[in-house]
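Here's the structure we're looking at; comments come further down.
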Amino acid sequence: MSGKEETVLEVAGLRKLYGKKQALKDVTFSLKAGTSFGFLGPNGAGKSTTMKILTGIVKADSGHVKLFGQDITNDTDAVARFVGYVPQDITLYEKLSAYDNLVFFGEAYGVRGIDLKHRIREVLEKTGLTDRANDAVETFSGGMKRRINIAAALLHRPKLLILDEPTVGIDPQSRNHIFEMIRELNDDGVTIIYSTHYMEEVEVLCDQVAIMDQGSVKAMGPLGELLETYGRKAIYVEVAGLTELPRLPGVGKVSKEGSGWVLETAKVGEVMQQLLQAASLHRWDVKQLEVVRPSLENVFLTVTGTALRD
Ligand code: ADP
Numbered sequence: 003m004s005g006k007e008e009t010v011l012e013v014a015g016l017r018k019l020y021g022k023k024q025a026l027k028d029v030t031f032s033l034k035a036g037t038s039f040g041f042l043g044p045n046g047a048g049k050s051t052t053m054k055i056l057t058g059i060v061k062a063d064s065g066h067v068k069l070f071g072q073d074i075t076n077d078t079d080a081v082a083r084f085v086g087y088v089p090q091d092i093t094l095y096e097k098l099s100a101y102d103n104l105v106f107f108g109e110a111y112g113v114r115g116i117d118l119k120h121r122i123r124e125v126l127e128k129t130g131l132t133d134r135a136n137d138a139v140e141t142f143s144g145g146m147k148r149r150i151n152i153a154a155a156l157l158h159r160p161k162l163l164i165l166d167e168p169t170v171g172i173d174p175q176s177r178n179h180i181f182e183m184i185r186e187l188n189d190d191g192v193t194i195i196y197s198t199h200y201m202e203e204v205e206v207l208c209d210q211v212a213i214m215d216q217g218s219v220k221a222m223g224p225l226g227e228l229l230e231t232y233g234r235k236a237i238y239v240e241v242a243g244l245t246e247l248p249r250l251p252g253v254g255k256v257s258k259e260g261s262g263w264v265l266e267t268a269k270v271g272e273v274m275q276q277l278l279q280a281a282s283l284h285r286w287d288v289k290q291l292e293v294v295r296p297s298l299e300n301v302f303l304t305v306t307g308t309a310l311r312d
C-alpha cells in the first residue's frame, strides 16, 4: 500500500484524571499510514478516553498527540479535517431522514453543495442503505443507525477513522456490513483505529493490536507477533481408552480438556514427534492430534494476568 511508511499518528505519555480516578496513566503509541489498529481492552480500560483525546473532545492532563507530524493537542481544526470519529453512543436526529442527517453532519465537517450530494450518495451506497435514505432514522434498527453514524464520519474523506466499539448491541447483518466497510476503507488507504472488547473482531479486522488495561497500553505490535510472543503454544491429543499420558520431555503444563489433554510446550515439533513415536510404540488409537493455535485470548491473559470477559 502506498505511503504505508508514513507515520500518521504519534501519541506520547497521555495522562488523564477524572477526579481521583486515573483513567489514563501513560498511553504511548504510534501508527503508520494504512494500518488497521485494534484497541483491545475490557470495559474501563481507558479506550474511549484515549479516543476522545485523539479527537479533541477531552483534554489530556499531560502528553502529546501528533497527526501527520503536526502537534494537534490544541488544534481541533486539524483534527476535524483529517479525522472521522464514530462515537460509542449513536448521535443522530431521530426525526430526520438518514439523508438529512448526512446533510447536517456533512456541513458540520465543511462539505457543501454538489460535493456533499455526491458524497452522501457514495456513503449511502457503502452502508447499503441507499433505499432507506428518505426514511426517518427512528424507524431504523440499532445496526442501521450505527451504519449511518459511520457514514456521517466519512463524508469529508478522513484519512484516519476512529471507531469506538461500533458493534456493541447490533445485529449480525449490520456487523458484517460494518466489517466490510472498514476493510474497504482500509484497502483504500484509510488508517483505522478500532476499539472493542471482542477479541475475535480484532483477529479478523486488525493488523496491529494494542492491549489496554487499567489506563495503559500493556502490549502492542502486529497481531502475529503478539501471538508469537505471548500466545500459549500447545498440542491437543486425544487417545481412545488412555487414562494417563506418559510424561514427555519439553512439555510444561498438561491439562485435561474434553476427552483429551492440552500439552503446553515451546517445542511443538519435537513434542509432536514424541507423541507420534509413543502412539506407534503403544499402539494408541489416536482420535485427535493437533497443534493448538495461540489465540488473542491467551495473549490477553499472559499480558494482563486476567481473562477478558464480555
Ligand atoms: P473504556 O472505553 O476502555 O471502557 P473509558 O475510557 O470509558 O474506558 O474509562 C476509563 C476509566 O475512566 C473508567 O474507570 C471510567 O469509569 C472512567 N471515566 C471515563 N469517563 C469518565 C467521566 N466523564 N467522568 C468520570 N470518570 C470517567
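Count along the sequence shown from 1, then add 2; that gives the number in our numbering.
All C-beta atoms, glycine included, are put in the ideal place defined by N, C-alpha and C.
In its chain, beyond the 5 residues on either side, Gly15, Ser218 have a beta carbon closer than 6 Å to the beta carbon of Asp28. At least one heavy atom of the ligand ADP falls within 8 Å of the beta-carbon of Ser50. By the criterion of at least three beta-carbon pairs nearer than 8 Å, the region 51-62 is not in contact with the region 107-116. Following the DSSP letters along the chain, one finds Lys147 in no beta strand (DSSP E) but inside the alpha helix (DSSP H) bounded by residues 144-154.
Between Glu140 and Glu202, the C-beta spacing is not below 9 Å. Beta-bridge partners assigned by DSSP to Met222: Ala212.
Within 10 angstroms of the beta-carbon of His284 lie fewer than 16 other beta-carbons, which makes it exposed.
Listed as beta-bridge partners of Gln290 by DSSP are Glu240. For Phe41, the enclosing beta strand (DSSP E) covers residues 38-42. When Ile172, Ile184, Met214 are compared, the shortest CA-CA separation from Asn45 is found for Met214. In this structure, DSSP gives Tyr87 an extended state, which the three-state scheme calls strand. A distance criterion of 8 Å places the beta-carbon of Tyr196 beyond contact range of the ligand ADP, judged by its closest non-hydrogen atom. Within 10 angstroms of the beta-carbon of Arg134 lie 16 or more other beta-carbons, which makes it buried. Beta-bridge partners of Tyr232 (DSSP): none assigned. Assignment of His199 by DSSP, reduced to helix, strand and coil, places it in the coil class.
Taking each of Thr193, Asp190, Ala100 in turn and checking the Cα distance to Ala154, the smallest one comes out for Ala100.
At least one heavy atom of the ligand ADP sits closer than 8 Å to the Cβ of Tyr20. Taken from the Cβ of Ala25, at least one heavy atom of the ligand ADP lies inside 8 Å. For the options Val125, Leu162, Lys161, Asn103, the alpha carbon positioned closest to that of Asn136 is the one of Asn103. In this model, Lys68 and Leu229 are separated by some 29 Å (Cα to Cα). DSSP, read as helix, strand or coil, puts Ser32 in strand.
Judged by DSSP in its simplified three-state form, Glu127 adopts helix. Closer than 8 Å to some heavy atom of the ligand ADP: that does not describe the Cβ of Asp91.
The ligand ADP approaches Gly217 closely enough that one of its heavy atoms is under 8 Å from the residue's Cβ. In the displayed model, Asp117 falls within a helix according to three-state DSSP.
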